[in-house]
Amino acid sequence: MMPAYLPETTTMALPAIFRMLRPKTFLYLISLRTGTEMIALTLLINKVSGIYGLLAILTGYHLSWLQLTMYIYSIGVLGALVYLSPHIKRQSPLQCLALAWLYVLDSLINATYTALFGTTWFLMLARHINDPAPGDDDKLPGGKMMNDTAGFTSPEVNATRVEVVATPAMPGQKAVAAGVNDGSALGHAVFQSGSIASISVICALWTIRIYFCLVVMAYARGVLRQHILMTSSNNFGLHGGSERTDLAENPFREGREEGEGWKGRLGRIMTSVGKGYWLGKDDEDEWVRGTGERFTNKKRLNIKVPEPGVGERERRARSGTGPPPMVKKQEASS
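In numbering that gives the first Met the number 0, the protein residues as written are 0 to 333.
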């Protein structure tokens, strides 16, 4: 018979794609906690650039509105990281959850900035190939800055080669230069060798960034579920205190200590998005492993503890309804 606190359920193994979305270790080498600390450190170093960007204003350097907003945003994220990073080791559920959402949202915002800068750059290249009118680049987001620092020559020449023809062929002749175009300007700007290499590097870096997001979210999920198990309002396991059997008890729900005030509202908002991921059931309790804590054993130790009180055989013997006492038979001596 199974213990009362472990109801018998039929579980199915998660598909491989879902197991990939819930990594148990960082690069299959170190724990999720150490990996999350390393990821937070790389993000911290990246956001320090916002301070140097704003210091450039003191030197009289012109910043576009796109650059200015990016640098101000980087300083805000830097302050949030300084506050949240120490809670990785402390395993604070609210702060670790906030760090995971901060990293995911920062990835989306950085992807938007990268797309804007990349679009501006390729449009600028295409316009220079088409011999644009002066000042057209300034209309693009960050175009003036790129035009000042890209090193474009002036005047621009829309040609892949130049053919010089002398007319007439006599002393004091006049040279005529004719530019020969080479297909679509935008296609040439995007598919040239340097641009293809840049796009490949950006795609590789964003693949790594997506994996980092999964690692940080998996660690926050493990910390959250460990906290639920240790502070649950009942003694029936992880999913015993929830209104739904497929979801764990929300530690930030109203009525609990963690659910009070603005922190409780923030926690409920963060867990409401992707509730099945944060509070959903697991088939193998993988949330226990990889969090850097050894608060449970892989093999359960089943010990049969006798119930207190008089045993059934002794009770029946006392009441006279039990079997007769066992009497040893003495063998007759020969």
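Positions of the beta carbon are idealized from the N, C-alpha and C atoms, including for glycine.
Treat the numbers as computed from the prediction; the structure is a model and nothing was measured.
Contacts around residue i, its chain only, beta-carbon distance under 7 angstroms, and the 5 residues preceding and following it disregarded
{"i": "Val222", "result": "Gln90, Pro92, Cys95 and Thr290"}
{"i": "Gly273", "result": "none"}
{"i": "Lys262", "result": "Leu93"}
{"i": "Leu20", "result": "Leu213"}
Best match in the options for proximity to residue i [C-alpha to C-alpha]
{"i": "Arg220", "options": "Ala99, Gly49, Val81 and Thr41", "result": "Ala99"}
{"i": "Gly266", "options": "Gly279, Leu278, Trp64 and Pro250", "result": "Pro250"}
{"i": "Gly49", "options": "Ile38, Leu62 and Met37", "result": "Leu62"}
{"i": "Pro22", "options": "Thr58, Arg224 and Tyr218", "result": "Tyr218"}
{"i": "Cys212", "options": "Ala55, Val103, Ser199 and Ala114", "result": "Val103"}
{"i": "Gly34", "options": "Leu278, Thr206 and Val215", "result": "Val215"}
{"i": "Ala125", "options": "Thr270, Ser194 and Glu313", "result": "Ser194"}
{"i": "Glu36", "options": "Gly59, Glu257, Leu57 and Pro85", "result": "Pro85"}
{"i": "Met69", "options": "Thr58, Ile227, Thr111 and Gly59", "result": "Thr111"}
{"i": "Ser197", "options": "Glu313, Gly117 and Met123", "result": "Gly117"}
{"i": "Glu256", "options": "Ser199, His226 and Ala55", "result": "His226"}
Exposed unless 16 or more other CB atoms sit within 10 angstroms - verdict on residue i
{"i": "Asn97", "result": "Looking at the sequence provided, one finds Ala at residue 97 rather than Asn. Buried."}
{"i": "Lys46", "result": "buried"}
{"i": "Gly275", "result": "exposed"}
{"i": "Leu278", "result": "buried"}
{"i": "Met229", "result": "exposed"}
{"i": "Ile268", "result": "exposed"}
{"i": "Thr270", "result": "buried"}
{"i": "Lys297", "result": "Reliability fails at Lys297, whose pLDDT of 46 lies under 50, so the model's placement of it is uncertain and the value that follows must be treated cautiously. With fewer than 16 Cβ atoms within 10 Å of its Cβ, Lys297 is classed as exposed."}
{"i": "Leu28", "result": "exposed"}
{"i": "Leu204", "result": "exposed"}
{"i": "Glu313", "result": "exposed"}
Reduced DSSP category for residue i - H, G, I as helix; E, B as strand; rest coil
{"i": "Leu104", "result": "helix"}
{"i": "Gly273", "result": "coil"}
{"i": "Phe251", "result": "coil"}
{"i": "Gly279", "result": "strand"}
{"i": "Leu96", "result": "helix"}
{"i": "Leu368", "result": "Absent from the structure is residue 368, since the part of the chain shown begins at 0 and ends at 333."}
{"i": "Glu313", "result": "helix"}
{"i": "Ser333", "result": "Reliability of the predicted coordinates at Ser333 is poor, the pLDDT of 47 falling under 50, and no value is obtained from them."}
{"i": "Ser318", "result": "helix"}
Any non-hydrogen atom of the ligand GTP closer than 7 angstroms to residue i Cβ
{"i": "Gly263", "result": "Inclusion of the ligand GTP in the displayed structure is not the case, the ligand content being empty and no account of it being possible."}
Contact check, residue i vs residue j, beta carbons under 8 angstroms
{"i": "Leu80", "j": "Leu42", "result": "yes"}
{"i": "Ile74", "j": "Ala39", "result": "no"}
{"i": "Val76", "j": "Leu115", "result": "no"}
{"i": "Arg224", "j": "Ala247", "result": "yes"}
{"i": "Ser106", "j": "Arg252", "result": "no"}
{"i": "Ile44", "j": "Thr113", "result": "no"}
Residues near residue i in its chain [Cβ-Cβ closer than 6 angstroms; skip 5 each side]
{"i": "Ile108", "result": "none"}
{"i": "Lys280", "result": "Asp245"}
{"i": "Leu57", "result": "none"}
{"i": "Gly258", "result": "Phe251 and Arg252"}
Cβ-based neighbour list, residue i, same chain, cut-off 8 angstroms, excluding 5 preceding and 5 following
{"i": "Ser318", "result": "none"}
{"i": "Ile71", "result": "Gly49 and Leu53"}
{"i": "Ala55", "result": "Leu62"}
{"i": "Ser199", "result": "none"}
C-beta neighbour in chain D for residue i, strict 8 angstroms
{"i": "Ser106", "result": "Protein chain content of the structure displayed is limited to a single chain, and chain D is not contained in it."}
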